[in-house]
Amino acid sequence: MRNLWKLFLTVIAMSALVSCNRNTKSGPAVYELEVYKTQEVLVNAEDRGGRYGRTLPADLLDADGKDVLVFLVNDKEQYYDLETGKKISDVGEPVEATMPLDTNKTFKLQLASGNEKLWTEINPYNENNEVQVSLEYDMTNDVYWGGISYDFQYYGETLHTLVLTDKDLNYLGEIYNAVWPWFSNGRILVNIEPVNDSIVKVNYLKLTKTDRNYKQYIDSCRADLEKKHKDWEEYKEKNNAETNPVIGLVKTQNKFDCWQYKVVTLYCKDEISDGDKMLIDSLIGKKEIVNLAPIYLVISAENEEAAASYVKKNGLDCIDKIVFDTEGIAKTDAGQDNPRFMLVEESLITKDTIYSTDDVAKKMIPRLFGEGLGTWYWIYDGELVVSALAGAYYIDD
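For the sequence shown, the numbering used here begins at -5 and goes up steadily by one.
Shown next as structure tokens:
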């Protein structure tokens, strides 16, 4: 009888403990975003956008159970069914993936607080280290998520945190510098990679909760932010254009009135390499752009006679902004036989590379004329046209 009574008391105690645990709100956890599936979509030529955004979609819809990618071309929407990758003519009435509440809320965060510098113009925070975040609802996981950007000028690269809350807007955790989700239609979460002018790759993202220690994770994220800031400060000090001798040489003969400019160095030798030839042909072929754009050419030689002879022999006398380096200022330890490219942005050298022959066509020439991210140039009606996208500082080549 006594044993039965002890068992009864034990069951009551355990039931009370379970009930208590059910009512205890769990602390924040470590989450991850994983790519669990990829798919390519072939975009019709007539549905492509502008020159540098031809295959970038504008939205992702839930259209009566279909996941539909939206392209906006000349203010007209074009739809592609992700299941088939095929274009469809109409999507009907899209399903709204929202909850009946205001999702622009203020949260007190763990990672994005204190010593972390945010992109304050977009994510204002107050003296309590609370950040206002616009959230989107993910009905599959029954969570809200929103992004916080860190100050690019403070860390030197694009960094972000994804904040997660439950349906009652209780803080669940953060994912630091994860795959950035482009779109959610409530049912799926995706990001996009342009493959070429006609194809986009859709990466399907899965949200998972891990068993990692939350405090250790947050501490490691904060340590990574601190290291990135330290590395960035050291990089800026080392690559200050105002104290660089090559930039100083170019400035002796040219006026600088733009935030970004490019310097190319060719080293004189009897036989030019294939890489030199590709670069020279490109400079001559686009001489109108080179002469109008902030692109400066340095010819490094033992004396002015050798430099002038190199210019004439290779047809570079059609280029206006040429500076002779006869003191070896432009030489580096990376081998002077190959051409050198320097990119200066806001008084900071963000790219300084000696290119191998194989990389001249693949990397150097595209970067020189701005193909892709950065600043690019073309001629319209005899005038130089300059366009810019938010680029990145190249700490690594």
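The beta-carbon is built from N, C-alpha and C at its ideal position, and this holds for glycine as well.
Small disclaimer: the values here were computed from a predicted structure and weren't measured.
Cβ shell of residue i (< 6 Å), same chain only, five flanking positions each side left out
i, result
"Ile33", "Per the sequence shown, residue 33 should be read as Gln rather than Ile. So the list reads Val196, once near-sequence residues are dropped."
"Arg334", "Thr259 and Ile348"
"Lys31", "Tyr198"
"Gly140", "Val127, Ser128, Leu129 and Val157"
"Leu66", "Ala52"
"Trp372", "Val379"
Identity of the residue in the options nearest residue i by Cα
i, options, result
"Leu76", "Val189, Lys60, Glu151 and Ser83", "Lys60"
"Asp311", "Val284, Leu337 and Ser143", "Val284"
"Ile343", "Leu362, Asn238, Val305 and Asp268", "Asn238"
"Ile241", "Val67, Tyr73, Ser350 and Phe318", "Phe318"
"Glu187", "Tyr198, Tyr170, Leu112 and Asp132", "Tyr198"
"Lys70", "Asp58, Ala57, Glu40 and Thr78", "Glu40"
"Asn185", "Thr351, Ala52, Leu286 and Gly376", "Ala52"
"Leu36", "Val64, Val24, Pro22 and Tyr30", "Val64"
"Lys200", "Lys280, Tyr25, Val189 and Val380", "Tyr25"
"Thr326", "Ile313, Asp314, Asp346 and Gln147", "Asp346"
"Tyr138", "Ile182, Tyr144 and Gln147", "Ile182"
"Ile278", "Ile212, Ile359 and Gln147", "Ile359"
"Val173", "Thr152, Val67 and Asn248", "Thr152"
"Ile193", "Lys81, Ser20, Ile274 and Asp352", "Lys81"
"Ile323", "Ala355, Leu243, Arg361 and Tyr229", "Leu243"
"Asn171", "Ile212, Val62 and Thr78", "Ile212"
"Gln147", "Trp176, Trp226 and Tyr74", "Trp226"
"Gly150", "Ser214, Asp191 and Asp218", "Asp218"
"Thr320", "Asp191, Phe250, Trp370 and Glu296", "Glu296"
Assigned secondary structure, residue i (DSSP; H/G/I helix, E/B strand, else coil)
i, result
"Val334", "Before going further, note that residue 334 is Arg rather than Val in the sequence given. DSSP places Arg334 in strand when its eight states are reduced to three."
"Tyr148", "helix"
"Tyr349", "coil"
"Ala300", "helix"
"Leu163", "coil"
"Thr259", "strand"
"Val244", "helix"
"Thr134", "coil"
"Phe65", "strand"
"Trp226", "helix"
"Thr202", "strand"
"Pro239", "helix"
"Lys31", "strand"
"Asn179", "coil"
"Leu95", "Residue placement at Leu95 is poorly supported in this model, since its pLDDT is 43, which falls under 50; the coordinates are not used for a value here."
"Leu277", "helix"
"Lys249", "coil"
"Lys269", "Here the sequence assigns Gly to residue 269, which means Lys is not the residue at that position. It is helical."
"Ser20", "coil"
"Glu340", "coil"
"Val173", "coil"
"Asp311", "helix"
"Lys70", "strand"
"Val292", "strand"
"Ser143", "strand"
"Asp58", "coil"
"Ser214", "helix"
"Glu282", "helix"
"Lys81", "strand"
Contact belief for residue i with residue j at Cβ below 8 Å, rounded distance in angstroms
i, j, result
"Asp331", "Lys263", "7 Å"
"Leu291", "Ile316", "5 Å"
"Lys245", "Pro288", "Incorrect: roughly 12 Å between the Cβ atoms, too far for contact."
"Asp405", "Ser83", "The shown model of the chain, from -5 to 391, leaves out residue 405, and the question about it has no answer."
"Gly269", "Val189", "In fact, because the Cβ distance is near 27 Å, the residues do not count as touching under 8 Å."
"Glu28", "Thr134", "Not really, about 14 Å apart at Cβ, beyond 8 Å."
Contacts around residue i, its chain only, beta-carbon distance under 7 Å, and the 5 residues preceding and following it disregarded
i, result
"Glu340", "Trp253"
"Glu236", "Ser341"
"Lys280", "Phe363"
"Glu377", "none"
"Ile313", "Leu277, Lys281, Val284, Asn285 and Leu291"
"Glu357", "Note on residue identity: the sequence assigns Lys, not Glu, to residue 357. Within the same chain, Lys357 has close Cβ partners Tyr349."
"Lys230", "Leu342"
"Asn38", "Lys81"
"Arg206", "Val24"
Test: residue i CB closer than 8 Å to a CB of chain B
i, result
"Tyr170", "Going by chain labels, chain B is absent from the structure shown, which holds only one protein chain."
8 Å CB neighbourhood of residue i in its chain, flanking five on each side removed
i, result
"Asp375", "none"
"Thr204", "Ala23, Val24, Tyr25 and Glu26"
"Asp145", "Lys111, Leu112, Trp113 and Thr114"
"Asp21", "Here residue 21 turns out to be Gly, not Asp, going by the sequence shown. Counting only Cβ-Cβ distances below 8 Å, and skipping sequence neighbours, we find Tyr208."
"Ala7", "For Ala7, the predicted structure reports a pLDDT of 38, less than 50, and the residue's modelled location is therefore unreliable. A value from the coordinates is still provided. Closer than 8 Å at Cβ, skipping near neighbours: no residue."
"Asp416", "A question about residue 416 goes unanswered here, because the residues of the chain that appear run from -5 up to 391."
"Ile266", "Ile274 and Asn308"
"Asn233", "Leu342, Ile343, Thr344 and Asp346"
"Tyr304", "Leu260, Cys262, Ile293, Ala295 and Leu310"
**Prompt:** Are the region 298 to 309 and the region 211 to 230 touching, with three or more C-beta to C-beta distances below 8 Å?
**Reply:** Three or more Cβ pairs closer than 8 Å define a contact, and the region 298 to 309 falls short of that threshold against the region 211 to 230.
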